[in-house]
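Colleague: In the numbering used here, the protein residues as written are 6 to 190.
Glycine is no exception: its CB is placed at the ideal position from the N, C-alpha and C atoms.
Supplied in structure tokens, the structure appears directly below.
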């Protein structure tokens, strides 16, 4: 599963890095270029990169990304795709090591790095991880993650819209309203 967008994340749910930096610009923080005041997210069109950056920051600040990252790994090791990938990697490693001729002067770090490169180049990890994601993340996507994300976005935009509407001027306390004039002319 590819990274979902503007952040320096590690996958669809990952985060950090560049996404947070771009979100600073989206909130109206001014850099060397000067720029104007804060941006009203409710006025930005759907899909606007600044709006998306603000939403990602909001989701992260609510801890949703962290909770998703905590919830998914708990189910991984029971899934058939995970067990199958583990068996494939074990078999691949055994076959690779069987082809190596051992001698006591062998550089173990070079052997380890060569094995790592072979596993990565085989493509089995990428395909296996995609299957694991489809078994673990995809079932939760529409029933658990999406409703939480949508609720957080709606609350965020509603709060921003409410903050953007100027409050009516306060009524003066303790002052009597002006008396009607009795002009008889």
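(1) Rounded to whole angstroms, how far is the Cβ of residue 140 from the Cβ of residue 84, which I believe are closer than 8 Å?
(2) Could you check the C-alpha separation between residue 143 and residue 87 for me, to the nearest Å?
(3) With a Cβ-Cβ cutoff of 8 Å, do residue 130 and residue 98 count as a contact?
(4) Note down the Cα distance separating residue 71 from residue 149, rounded to an integer number of angstroms.
(5) Using C-beta distances below 7 Å, list every residue in its chain close to residue 101, excluding the 5 sequence neighbours before and after it, in chain order.
(6) Roughly how many angstroms lie between the CA atoms of residue 114 and residue 135, to the nearest whole one?
(7) From residue 52 to residue 154, what distance separates their C-alpha atoms?
(8) Specify the secondary structure class of residue 160 as computed by DSSP and reduced to three states.
(9) If you check the beta carbons only, do residue 166 and residue 58 fall under 8 Å apart?
(10) What three-state label does DSSP hand residue 95 in the structure shown?
(11) Do residue 90 and residue 128 have their CB atoms nearer than 8 Å?
(12) Verify whether the separation of the beta carbon atoms of residue 69 and residue 164 is less than 8 Å.
(13) DSSP three-state call for residue 80: helix, strand or coil?
(14) With a 10 Å radius around its C-beta and 16 neighbouring C-beta atoms as the bar for buried, classify residue 61 as buried or exposed.
(15) So the candidates are 168, 159, 145 and 63; which of them puts its Cα closest to the Cα of residue 77?
(16) If we count the other Cβ atoms within 10 Å of its Cβ and call it buried at 16 or more, is residue 63 buried or exposed?
(17) Sorted by chain position, which residues of the same chain lie with C-beta nearer than 6 Å to residue 161's C-beta, five sequence neighbours on each side aside?
Modeller: Quick look at the numbers:
(1) Right, the Cβ-Cβ distance comes to about 5 Å (below 8 Å), so this counts as a contact.
(2) Each residue's CA atom was taken as its position, placing residue 143 and residue 87 some 15 Å apart.
(3) Their beta carbons are not under 8 Å apart, which means residue 130 does not touch residue 98 by this criterion.
(4) Taken atom to atom, the span from the alpha-carbon of residue 71 to that of residue 149 is near 14 Å.
(5) Around residue 101: 120 and 123.
(6) So the alpha carbons of these two residues sit roughly 29 Å apart.
(7) As the crow flies, the alpha-carbon of residue 52 is around 15 Å from that of residue 154.
(8) In the structure shown, the three-state DSSP call for residue 160 is helix.
(9) Cβ distance not < 8 Å, so residue 166 and residue 58 don't count as in contact.
(10) Here residue 95 sits in helix by DSSP.
(11) No, these two residues do not count as a Cβ contact at 8 Å.
(12) Their beta carbons are not under 8 Å apart, which means residue 69 does not touch residue 164 by this criterion.
(13) For residue 80, the secondary structure class from DSSP, reduced to helix, strand or coil, is helix.
(14) Looking at its Cβ environment, which holds 16 or more other Cβ atoms inside 10 Å, residue 61 is buried.
(15) It is 145 whose Cα lies nearest to the Cα of residue 77.
(16) Counting the other Cβ atoms within 10 Å of the Cβ of residue 63 gives 16 or more, which makes it buried.
(17) Correct list, in chain order: 63.
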